[in-house]
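*Asks:* Handing you a structure now.
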Amino acid sequence: MRSDPMRSTALDLTSPELVADPYPALAEERARGPLAWHEQSGTFLTFDHATVSAVLRDRRLGRIWKDREPAAYLEPFNLLHRHQMMENEPPEHTRLRRLVASAFNRGHVERLRPRVRELAAQLLAEVDPAGFDVIGEYAEPLPVLVIAELLGVPTELAPELRAWSQAIVRMYEVSPSDAVVEAAVGAAADFAAVVRELARERAAEPRDDLVSDLVRASTLRPAGGDGTERTERLSEEEVVASAVLLLNAGHEASVNVFGNGLVAMLRAGVSPREDQLATCVEEMLRYDSALQLFERTATRPVQVAGVELEPGQKVAALLGAANRDPAVFEDADRFRVDRDPNLHVAFGAGVHFCLGAPLARMEIVESLGHLLRTLPDLSLAAEPEPRGTFVLRGYRTVAVSGTPVA
Ligand code: HEM
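Using my numbering, the final residue of the sequence shown is 526, and nothing's skipped along the way.
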């Protein structure tokens, strides 16, 4: 038992200093104890690898979508969250996840590898190697195009898709402003309308894409069928919410993992050999986590790091803090291209463990490999411009330059 399990913290998760480099403050918190009450967000925060992993795995701590406010003007935003796997717990979660899980298994992802290579080559062929933004011109379009193709969304919509996603995810930050809420609701409504239209088209004329699969699941619904059959169907809201989840989750984090990891690597002055690409990508995931905070709500009484949580009480897992825990990672503040084992929690843990992890890993290995083979002397051309948010940590632009190999 710790002497003061009920300590509190005044950590300001919105302050520019903390957002610029959260790791010293997170290390201090971790040293003071695994859990602290955080008045700013009305949640307990957890800082170390063991407690963060336990929070993510404990079935008494759930992700249950509670409408932020059941207000009518928020409905477009709430609609996209209420009906998808990430915001539900079993048995709903199991049903929603099972329908798309097979599309993201390793075998299926392997078949996409040649296409990812082709896209990486096309994108890099278009940049000016003497100076380009590796986020806007490479790291961002690649996963957007891959997930759009997979779902069957026309790739001309890629820029809008990216803009909608960015507006929606700003709602996940601590204390979003009214302007952020308004933009998120507008984006959610526009995004849902486009996906709903697409789902209706695929229902009429199925193709070989994920939206058709989701729709097929929804139309397999036998009128008055038995319980088993009914569990496989998706309502139109579920199809739309699932497709939007996949489109957003399918690129948002990948962009920032690539950007954060590349900047860390270039600053550390290290570069992976070809046979170190896989371990280097794991280190990119760990070292400067693109997703810093995930929240859970107690659905039953539960003890976390010696503190009793009542149902309804919220607790947040700080993934970036856990990923720098010296109890698990030797030399935790150093970026090492060959770190192995690397037990980071960048993809979460437990039932919500990232569905897209095999796809994300493959995309980053391929795009990083192609970039470093083409421009082996790649370097930062200017100070990278951060997004300035804590929960989704990343760079808006990263200017780089390099000399193409002859
Ligand atoms: C490197 C990039 C990525 C990172 C760091 C990442 C991280 C995560 C994390 C931490 C979670 C768990 C959230 C929680 O426990 O509350 C998650 C869930 C999820 N991710 Fe990813 N993700 C990435 C890429 C992708 C991609 C490419 C897809 C493509 C489909 C994807 C789809 C999902 C889905 C659907 C869930 C929800 C799973 C569930 O609730 O069962 N992610 N991701």
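Ideal placement from N, C-alpha and C gives every residue a C-beta, glycine not left out.
With DSSP as the reference, label threonine 171 as helix, strand or coil.
*Replies:* Threonine 171 falls in the helix class under three-state DSSP.
*Asks:* Among His201, Ala410 and Thr134, which residue has its Cα nearest to the Cα of phenylalanine 311?
*Replies:* That would be His201, whose Cα lies nearest to the Cα of phenylalanine 311.
*Asks:* Just how far apart, CA to CA, sit proline 196 and valine 301?
*Replies:* If I take the Cα positions, the gap works out to 11 Å.
*Asks:* Can you list the alpha helix (DSSP H) stretches of 4 or more residues lying completely in the stretch 414-462, in chain order?
*Replies:* The qualifying runs are 439-442.
*Asks:* For the alpha helix (DSSP H) that valine 485 lies in, which residues bound it at each end?
*Replies:* That run of the alpha helix (DSSP H) goes 477-494.
*Asks:* Could you compute how far the alpha carbon of aspartate 497 sits from the alpha carbon of alanine 313?
*Replies:* Their backbone Cα atoms lie some 45 Å apart in a straight line.
*Asks:* Can you tell me whether arginine 341 is helix, strand or coil according to DSSP?
*Replies:* Low confidence applies to arginine 341: its pLDDT is 48, below 50, so where it sits in the model is not reliable enough to give any reading.
*Asks:* Could you check which residue in Asn380, Ala373, Ala309 and Asp453 has the C-alpha nearest to that of glutamate 357?
*Replies:* That would be Ala309, whose Cα lies nearest to the Cα of glutamate 357.
*Asks:* Taking the beta carbon of threonine 275 as the centre, do at least 16 other beta carbons fall within 10 Å, making it buried, or is it exposed?
*Replies:* Flag for threonine 275 reads exposed.
*Asks:* Could you give the distance in angstroms between the alpha-carbon of aspartate 539 and the alpha-carbon of glutamate 325?
*Replies:* Beyond the ends of the chain as shown, which are 121 and 526, falls residue 539; an answer cannot be given.
*Asks:* What residue from Asn198, Gly256 and Ser297 has the CA that sits closest to proline 190's CA?
*Replies:* Proline 190 has its Cα closest to that of Asn198, out of Asn198, Gly256 and Ser297.
*Asks:* Tell me whether proline 263 is buried or exposed, calling it buried when 16 or more other Cβ atoms sit within 10 Å of its Cβ.
*Replies:* Buried: at least 16 other Cβ atoms inside 10 Å.
*Asks:* For glycine 381, I'd like the list of residues in its chain whose CB is within less than 6 Å of its CB, leaving aside the five on either flank, ordered along the chain.
*Replies:* Met404, listed in sequence order.
*Asks:* If you measure between the beta carbons of leucine 165 and alanine 452, is that distance less than 8 Å?
*Replies:* No, the Cβ-Cβ distance between leucine 165 and alanine 452 is not below 8 Å.
*Asks:* Going residue by residue through the stretch 149-229, where are the continuous alpha helix (DSSP H) segments of at least 4 residues, counting only ones entirely within it?
*Replies:* For the stretch 149-229, whole alpha helix (DSSP H) runs of length 4 or above, ordered along the chain, are 169-177, 195-202 and 212-221.
*Asks:* In terms of alpha-carbon separation, which member of Leu495, Asn208 and Glu483 lies closest to valine 236?
*Replies:* Of Leu495, Asn208 and Glu483, the residue nearest in Cα terms is Glu483.
*Asks:* Between which two residues does the alpha helix (DSSP H) containing valine 377 stretch?
*Replies:* Segment 372-388, the alpha helix (DSSP H) holding valine 377.
*Asks:* Are the CB atoms of asparagine 443 and arginine 481 nearer to each other than 8 Å?
*Replies:* Cβ atoms of asparagine 443 and arginine 481: not closer than 8 Å.
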